[in-house]
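Mapped onto this note's numbering, the consecutive letters of the sequence shown carry residue numbers 356 to 808.
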Amino acid sequence: MLSNFFEEEETGQEQNHRSEEEALLDGFAFDFFDSEEEEDADSHADPADDYSSLLEPTPCGNLRDDNKWEGKTNIVNVLRGAPLSQETMGQKRRWIQAHMGNMAQCRGAAGDAWREAGAVDMLLQTLWDIQKNCVRVRDTSSSLSTADVVPTGPIAASSSIELVIVALGALRDLACGSALNREAIYEFSYFGCNNNNNNVPPINIATQHMNLDGDSSHDVPSGCGGIEILVAFIRRYHLQSWQSILSMPEWENTKMSPLDGSHEKMALKTTTITHRGQRELRLLTNAAGVIRNVSHSTPRACLKLDQYGATPLLIWRLLSGQDDNNDDHNSTREEPHLPDASKPWRETSFRIACALINMAERCEQVAMACASNAILIRLLIEAWGGTSKKQTPLLHLGLAAVLHAAKDAPEHHWDPDWQIILDKEVERKRVAQLKEMERKARLLSSVTSSLQK
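Written as structure tokens, this is what we have:
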């Protein structure tokens, strides 16, 4: 189904086996994921110390009964009450991965139960707790566009990024197929998230609307809602090529200072993929997945995503990733294509393209922004599947909005192939209407004949 293509996610390596989950509940501090960043002197401490420290804020009861609302509430309270420290981040990550680590645990009735238990607020609160440590040092969330903004000191950079990856993955799955969960992400606010930890004063972040070159055009309302938090993770990698992300130096070799933000090309002729670079790309991929799912048939979220600068950030990222050397994204190549299967950023690019199409359906400004670039339109058509020579899929309303905006644009860089797509959709609707009329006529004839008997 086309709607699933623009919303559903495959979980792949993020899924957990049931046996691991059961063992995790038996011994909270046991590490089943063997992350190297947590192999330190503290790893040999008494597991009971970590277990009791995390359970202390809220009595838990039977955590195995997580299929019921009460069990999920207990789990959320434990995760919300745990302080953000190097010792607890690995444990929080494993709990989130065990209970919200795949689609089956987050969709349908299970997803509704997690929302009612406060899981959406807890996940966004966790992301914000990590972000605000960066904000304190670097003033505004625009600093999150740099590579090395994960807080240092008591919080280990590698541990925090793993927690962010898992939390974003859970939000992505919760937002899939649930309008109420998407609204919950939109409605989230730091001041209204029922946070019981008052040891950290509230902080507002001032986000800025950014153009394709990364310049701030004007300020937008400050806040720390769910949409702003998601956009900050996209802005984190702005103006960095795919190769630059993948070749980020490992944590022990990284100087935790922001990049200068210059507009020079950062692509590498020879890319050395590091473990950290792979995790950074996974973070960006999960963030794009959340935005794609949140923007699905959610007008308010689409408008706010555009308001906080997501549109130019996503457009720049999609255009800059279309070739290895990060050539000028305004170049007019004859046959632009999304990355092929050999590129590690292929999945990220498709999620970003689908996010833009979803946003264009509900936000006219996004449709107009996408329509202003012919190469971008071709990439969106490819993501939709319109380049297939066999059967053209049902035209997505967001892509239709982009094509109509391009047709009405003053510069009118119109491609005849785009008109063919629109004409096919008109014909498809006409045929569908005729079939529906025939079906109703047959039904009426059947009812009439049965009454006459």
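Positions of the beta carbon are idealized from the N, C-alpha and C atoms, including for glycine.
Would you decide whether residue i is buried or exposed? Buried here means 16 or more other CB atoms lie within 10 Å of its CB.
i, result
"H630", "exposed"
"M792", "exposed"
"V431", "buried"
"Q746", "exposed"
"E782", "exposed"
"R590", "buried"
"R706", "buried"
"Q807", "exposed"
"P765", "exposed"
"L735", "buried"
"A696", "exposed"
My assumption, with CB atoms under 8 Å, is that residue i sits in contact with residue j. Please give the rounded CB distance.
i, j, result
"D763", "V721", "D763 to V721, Cβ: 15 Å. No contact."
"L601", "L636", "6 Å"
"V521", "Q452", "5 Å"
"A665", "A715", "No, A665 and A715 are not in contact; Cβ-Cβ is about 12 Å, not under 8 Å."
"Y663", "E583", "6 Å"
Is the Cβ-Cβ distance between residue i and residue j less than 8 Å?
i, j, result
"L479", "F543", "yes"
"A761", "A726", "yes"
"A474", "M455", "yes"
"S754", "W739", "Here the sequence assigns Leu to residue 754, which means Ser is not the residue at that position. Yes. Within cutoff."
"N648", "A468", "no"
"L523", "A642", "yes"
"T443", "A472", "no"
"R462", "E517", "no"
"H751", "I775", "no"
"A729", "H768", "yes"
"A710", "S650", "yes"
"A539", "R470", "yes"
"N536", "G466", "yes"
Under 6 Å Cβ to Cβ from residue i, same chain only, skipping five residues before and after it: list those, please.
i, result
"R733", "P691"
"P654", "R717"
"W773", "L758"
Apart from the five residues just before and just after residue i, which ones in its own chain have a Cβ nearer than 7 Å to its Cβ?
i, result
"V519", "L482, I485, L638"
"S704", "L673, G676, L693, P694"
"V645", "L523, L526, R527, A530, L585"
"A787", "none"
"I628", "L601, S602"
"M477", "V431, L434, R435"
"G580", "F543, S544"
My output table needs one value for residue i: the three-state DSSP class, helix, strand or coil.
i, result
"W671", "helix"
"Q746", "coil"
"R591", "coil"
"I628", "coil"
"G462", "One point to set straight first is that residue 462 is Arg, not Gly, in the sequence displayed. R462 falls in the coil class under three-state DSSP."
"E710", "Correcting the residue identity first, residue 710 is Ala in this sequence and not Glu. A710 falls in the helix class under three-state DSSP."
"T653", "coil"
"D528", "helix"
"W597", "helix"
"D469", "Reading off the sequence shown, one finds Trp at residue 469, where the question assumed Asp. If DSSP states are grouped into helix, strand and coil, W469 belongs with the helices."
"A400", "With a pLDDT of 39 at A400, under the threshold of 50, the modelled position of this residue cannot be trusted, and the question is left open."
"H454", "helix"
If you drop the 5 nearest sequence neighbours on each side, which residues of the same chain put their C-beta closer than 8 Å to that of residue i?
i, result
"Q633", "L601, P699"
"I670", "L567, L711, A724, C725, N728, L731"
"Y541", "G580, G581, I582, V649, T653, R655, A656, K659"
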